[in-house]
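Asker: Structure below; questions to follow.
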Amino acid sequence: MTNSTDTVLLRAVTKQYGTGDRAVTALDDVTVAFPRGSFTAVMGPSGSGKSTLLHCAAGLDRVSDGTVVIDGTELGGLDETRLTLLRRERLGFVFQSFNLVSALTAEQNVALPLRLAGRRPDRAELATALAEVGLGHRGGHRPGELSGGEQQRVAIARALITRPAVLFADEPTGALDTRTSREVLTLLRGIVDRHRQTVIMVTHDPTAAGYADRVLLLADGRIVEELHGRSGAAVIAGRMAALEAPAC
Ligand code: ADP
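Take the sequence shown: its position 64, counted from the start at 1, is 64 in the numbering used here, and no numbers get skipped.
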């Protein structure tokens, strides 16, 4: 079932933490593909396995069983050095807390992944990346001089500068107000639509998930439902409420 258009594939992935009586099955036999150019939201109650799924799909955590394939490369066969290189070169990450380097300007932050890869950043390339996120005029500002939404847009430009196969976003709007969240999500949506960028986003916000093409709902380490197409926030919130309701 490997499909060359899949950027990320999890096949029968199980992840356990601890052993014996203390073993916790955080992911339980999960099979899911993320096709190129798709925007997927991962939702579920607290403890359902969202972070574990993101970490396993991004090679930040080793799986206990099953396989993860990123851009045609099976992660199980890679040693730590190669895995780190693959993450650096093929994956982009955006976090709730932006994680910018406060002493560097926006432009220098965006340049960081290129420097890490041993490449001398090209000014025009950096200017284009900042313009793409609507911050062409803010390149010389440090994070402390930017709003939360602007900082997240710098983080998105930084994540995309290496043209990653997939962008992982972990609660990217968790620290933003409603209006700014909308701007950041519209930006992500536009990047998916214009560049066929694959995005995998963990969120607890049904409005944010409404920007995705597909919503995966997790419960107890399993994908219990998939909503396809642009689902409305009300529909997503309803499905989440059903998952979170105590069983009776
Ligand atoms: P979510 O992101 O949906 O809140 P997680 O993926 O963080 O869920 O956690 C899934 C399950 O795995 C939970 O029961 C959690 O307690 C457990 N878990 C997560 N990380 C660890 C860890 N490092 N050690 C032990 N248990 C963990």
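Note that the Cβ used here is the ideal one computed from N, Cα and C, for glycine as well.
How is the alpha helix (DSSP H) around ALA242 delimited, first residue to last?
Answerer: That run of the alpha helix (DSSP H) goes 233-244.
Asker: DSSP on ALA103, reduced to helix/strand/coil?
Answerer: DSSP places ALA103 in coil when its eight states are reduced to three.
Asker: Does at least one heavy atom of the ligand ADP sit under 7 Å from the Cβ of ALA235?
Answerer: Before going on, a small fix: residue 235 reads as Val here, not Ala. VAL235: no, Cβ never under 7 Å from the ligand ADP.
Asker: With 16 as the cutoff for other CB atoms within 10 Å, does TYR17 come out buried or exposed?
Answerer: Per the 10 Å Cβ criterion, exposed.
Asker: Output yes or no for whether 8 Å exceeds the beta carbon distance between ALA131 and THR173.
Answerer: No.
Asker: Mark LEU116 as exposed unless 16 or more other C-beta atoms lie within 10 angstroms of its C-beta, in which case mark it buried.
Answerer: Exposed, because fewer than 16 other Cβ atoms sit within 10 Å of the Cβ of LEU116.
Asker: To the nearest angstrom, how far is the alpha carbon of THR19 from that of GLY66?
Answerer: Computed Cα separation, rounded: 18 Å.
Asker: Closer than 7 Å: is that where the CB of GLY18 sits relative to any heavy atom of the ligand ADP?
Answerer: At least one heavy atom of the ligand ADP is nearer than 7 Å to the Cβ of GLY18, so yes.
Asker: Can you name the residues that DSSP bridges to LEU27?
Answerer: In the DSSP output, where bridge partners are listed per residue, LEU27 has LYS15.
Asker: If you measure from the CB of SER48, is any heavy atom of the ligand ADP nearer than 7 Å?
Answerer: Yes - the ligand ADP has a heavy atom lying nearer than 7 Å to the Cβ of SER48.
Asker: Could you tell me the distance, in whole angstroms, from the CA atom of HIS228 to the CA atom of LEU9?
Answerer: Spanning the two alpha carbons is a distance of roughly 18 Å.
Asker: Is THR25 closer than 8 Å to LYS221 when the C-beta atoms are compared?
Answerer: Reading off the sequence shown, one finds Gly at residue 221, where the question assumed Lys. Yes. Within cutoff.
Asker: Once DSSP output is grouped into helix, strand and coil, what is the label at THR52?
Answerer: THR52 falls in the helix class under three-state DSSP.
Asker: Scan the segment 63-96 and note each continuous alpha helix (DSSP H) run of 4 residues or more that stays entirely inside, going in chain order.
Answerer: Entirely contained in the segment 63-96, the alpha helix (DSSP H) runs reaching 4 residues are, in chain order, 80-90.
Asker: If you draw a straight line from the alpha carbon of VAL154 to that of VAL133, how long is it in whole angstroms?
Answerer: The straight-line gap from Cα to Cα measures roughly 7 Å.
Asker: For GLU226, collect the residues of the same chain with a Cβ closer than 8 Å to its Cβ; drop the 5 residues on either side in sequence, then sort them by chain order.
Answerer: So the qualifying residues of the chain are ARG214, VAL215, LEU216, LEU217.
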